[in-house]
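The sequence shown begins at 0 in my numbering and counts up one residue at a time.
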Amino acid sequence: MKKIIVLGPNPAWQKTLFFSKFSYGEVNRAVEAQYFPSGKGINFCRALGCWGKFPALLFQFIGGDIGKRLCCLLDNEKIKHHSIVTEHETRTCTTCLCRKTQAMTEIIDPSYPASSENVEKMLEQLERNIDKSCGVVIAGTVPTGTGTELYRRAAELAAEHNLPVLVDSWQNIKPVLEVGGTMILKINLDEISEISGISDPHRAIKYCATNFPLAGIAVTDGPKTAYAAKDGQVWEYTLPVLEHIVSPLGSGDTAAAVFFAEYLAGTSFETAFASGLAAASANCLIPLCGHFTIEDYQKIKNQISIQQSGRN
Numbered sequence: 000m001k002k003i004i005v006l007g008p009n010p011a012w013q014k015t016l017f018f019s020k021f022s023y024g025e026v027n028r029a030v031e032a033q034y035f036p037s038g039k040g041i042n043f044c045r046a047l048g049c050w051g052k053f054p055a056l057l058f059q060f061i062g063g064d065i066g067k068r069l070c071c072l073l074d075n076e077k078i079k080h081h082s083i084v085t086e087h088e089t090r091t092c093t094t095c096l097c098r099k100t101q102a103m104t105e106i107i108d109p110s111y112p113a114s115s116e117n118v119e120k121m122l123e124q125l126e127r128n129i130d131k132s133c134g135v136v137i138a139g140t141v142p143t144g145t146g147t148e149l150y151r152r153a154a155e156l157a158a159e160h161n162l163p164v165l166v167d168s169w170q171n172i173k174p175v176l177e178v179g180g181t182m183i184l185k186i187n188l189d190e191i192s193e194i195s196g197i198s199d200p201h202r203a204i205k206y207c208a209t210n211f212p213l214a215g216i217a218v219t220d221g222p223k224t225a226y227a228a229k230d231g232q233v234w235e236y237t238l239p240v241l242e243h244i245v246s247p248l249g250s251g252d253t254a255a256a257v258f259f260a261e262y263l264a265g266t267s268f269e270t271a272f273a274s275g276l277a278a279a280s281a282n283c284l285i286p287l288c289g290h291f292t293i294e295d296y297q298k299i300k301n302q303i304s305i306q307q308s309g310r311n
């Protein structure tokens, strides 16, 4: 079976702390802690494993003892990866979750540039594996200072091989979106507003559909209304209210994984996105990023309503 190639060049060691009540500016004592590999690419691959329809192959930069530990646990999870070793330590992301308010506070370490040699090595590995893939995913940021040439060249390589590309990234992403081919933009409402300079979701979607050669657009907004657009049609999605959220971390990545897998499997664009949204909500019920149960997914999927809201 062909794999989905996932470019997640900026992974993180995830430290999640749970508090009965988190108070800014005060001493806060966690009641529970969890540690695991994370970052958008890793979360995508983990969710794809839960879904089970396509295997994933992750490409990432790692460094130092944290990077070694991260790779060891990926191997334990049976997440296949090409990890390019850099001179800088892999970053840590510390997330504080307040059980009383369900508010989330994230503290993210800085990341550092990957060298041009590191970038070329990743692209070489990508080119060696492109014939064995059915789609390419561009997930998250590149390490600070690296630039998005890596993403642009990966998108061009995918287009040369007529492979669909899912873009789940927004910073300096316009040159990548201009590549064309079968490219889908999947981001959240704040991110598409940053790209377009427009806060209204319908107008922001229209801007991106007009200015970039995209095959489709999918926009999440946490538990609020989500949107999908393809071939001039626009759909709105109303999600069920979850009674108890454990952790929303990785929900957007979970949505991307299941959505893209279903799209590659031949499911209609709007239905595939509904599946992704259901999986994202199910991810909120489990503390591990990019993980969900099929039982939770199915219950939530049955409660999602889809309404066509006109043409863009």
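The C-beta atom is built at its ideal place from N, Cα and C for all residues, glycine as well.
Remember, predicted model here, so these are calculated numbers, not experimental data.
Residues sharing a beta bridge with residue i, DSSP
i	result
W12	P36, T91
M0	None, per the DSSP bridge assignment.
I106	T93
L184	V166, I216
L176	Beta-bridge pairing links L176 to no other residue.
S192	Beta-bridge pairing links S192 to no other residue.
S304	T237
8 Å contact criterion, which residue i and residue j should meet: CB distance rounded
i	j	result
A138	S168	7 Å
T292	N42	Contact doesn't hold; Cβ gap of about 16 Å is too wide.
V248	C288	Before going further, note that residue 248 is Leu rather than Val in the sequence given. Between C288 and L248 the Cβ distance is about 5 Å, and since that is below 8 Å, they are a contact.
A46	A256	4 Å
S132	I285	So it is not a contact: roughly 28 Å between Cβ atoms.
I83	L57	Going by Cβ atoms, the distance from I83 to L57 rounds to 11 Å, so no, they are not a contact pair.
A113	T140	Going by Cβ atoms, the distance from A113 to T140 rounds to 12 Å, so no, they are not a contact pair.
Length of the line joining the Cα atoms of residue i and residue j
i	j	result
S1	K52	Before going on, a small fix: residue 1 reads as Lys here, not Ser. Each residue's alpha carbon lies about 10 Å from the other.
R98	G265	39 Å
V5	P212	21 Å
H87	C95	25 Å
Q232	S308	8 Å
I194	I183	15 Å
L276	S304	11 Å
N161	S115	27 Å
I107	C92	4 Å
E269	A214	13 Å
G146	V118	10 Å
K185	T219	8 Å
P109	Q170	16 Å
M121	S267	32 Å
T237	K298	14 Å
G331	Q59	Only positions 0 to 311 of the chain appear in the structure, and residue 331 is not among them; the question remains open.
P54	A279	19 Å
H290	G180	30 Å
K313	A273	Absent from the structure is residue 313, since the part of the chain shown begins at 0 and ends at 311.
R152	V178	9 Å
G7	E25	35 Å
Q13	I65	10 Å
E294	I129	34 Å
C70	K300	33 Å
N187	I204	11 Å
Nearest neighbour of residue i, chosen from the options [CA to CA]
i	options	result
R127	P109, T104, A157	A157
T89	D74, K67, Y206	K67
V245	Q33, L184, S22	Q33
H243	A281, E31, A203	A281
E105	G38, A153, I285	G38
F17	Q101, A256, N9, R152	Q101
A29	A203, F21, Q170	F21
V240	E261, A203, C283	C283
C49	F258, N301, V136	F258
S19	S198, M103, T85, I61	M103
G196	G180, K173, M121, G221	K173
G62	L47, R45, I78, Y111	Y111
H81	N9, S198, V178, E148	N9
V164	L69, L263, F35	L263
V136	G144, L149, T143, P142	L149
H201	I65, A227, G144	A227
Next on the checklist: As an exercise, report each continuous alpha helix (DSSP H) stretch of at least 4 residues that is fully enclosed by the stretch 114-161, in chain order.
Outcome noted: With a minimum length of 4 residues, the continuous alpha helix (DSSP H) runs that stay inside the stretch 114-161 are 115-128, 148-159.
Item to check | Entirely enclosed beta strand (DSSP E) segments - the stretch 17-84, minimum 3 residues | outcome: When DSSP assignments are scanned along the stretch 17-84, the uninterrupted stretches of beta strand (DSSP E) that are 3 or more residues long and fall wholly within it turn out to be 31-37, 55-61, 80-84.
Checklist entry - Could you give the uninterrupted runs of the alpha helix (DSSP H) lying entirely in the stretch 198-286, keeping only those of 4 residues or more? => result Those alpha helix (DSSP H) runs which fall completely within the stretch 198-286 and span 4+ residues are 200-210, 250-263, 268-282.
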